[in-house]
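Residue numbers (the numbering used here): 272 to 382.
Notes to accompany the following structure.
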Amino acid sequence: VEICRTACRKATKKFDKVQGTSLGSWLVAQLALQPFCNVCLEPLIVMLSDGFASLRAASNPPKTDAEGRPIEWVPPSDFERSTTKYWVKTENVPELTARVLKHLSILIMGR
272 VEICRTACRK ATKKFDKVQG TSLGSWLVAQ LALQPFCNVC LEPLIVMLSD GFASLRAASN
332 PPKTDAEGRP IEWVPPSDFE RSTTKYWVKT ENVPELTARV LKHLSILIMG R
């Protein structure tokens, strides 16, 4: 969706430049109001994360204590964040998100 929006914006900008109009800003504003341009992917991403987590759990049995009971994961009370940042093209974000979700689950506290 974002790629199409960017392409439309660039095309109308070029049209405005050639024709001496200001149609592009109006068109982009009208597109922003359309439901197909405002798709929320977060629930789908969480479902994908849950699916990958289920697959990982099925292929890796849960860790157990000495008596055979599953060990429940407890989040740490504090941690030191260590990050590395990368530039990712907008059109590659969905694929990258799906690839990361294969290895890292989304942690939703209280769920």
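For glycine and all other residues, C-beta sits at the position ideal for the given N, C-alpha and C.
Nearest to residue i by CA position, among the options, is which residue?
i, options, result
"Ser330", "Leu294, Ala282, Gly322", "Gly322"
"Leu298", "Arg276, Glu313, Val359, Phe307", "Arg276"
"Ala278", "Pro332, Glu362, Leu304, Val289", "Glu362"
"Met380", "Lys373, Glu351, Glu366, Trp344", "Trp344"
"Ile377", "Ala324, Lys281, Ile274", "Ala324"
"Arg382", "Val317, Arg340, Thr335", "Val317"
"Ala300", "Asp336, Val289, Gly339, Arg280", "Arg280"
"Leu375", "Leu326, Asp349, Phe350, Tyr357", "Leu326"
CB residue i to CB residue j, shorter than 8 angstroms?
i, j, result
"Gly295", "Lys284", "yes"
"Cys308", "Leu302", "yes"
"Leu372", "Val359", "no"
Can you tell me which residues form a DSSP beta bridge with residue i?
i, result
"Thr335", "Pro341"
Drop a sphere of 10 angstroms on the beta-carbon of residue i, count the other beta-carbons inside from all chains shown, and report buried for 16 or more, exposed for fewer.
i, result
"Ser353", "exposed"
Could you give the C-beta distance for residue i and residue j, rounded to a whole number, given that I count them as a contact under 8 angstroms?
i, j, result
"Ala369", "Leu312", "Going by Cβ atoms, the distance from Ala369 to Leu312 rounds to 11 angstroms, so no, they are not a contact pair."
"Pro333", "Pro341", "4 angstroms"
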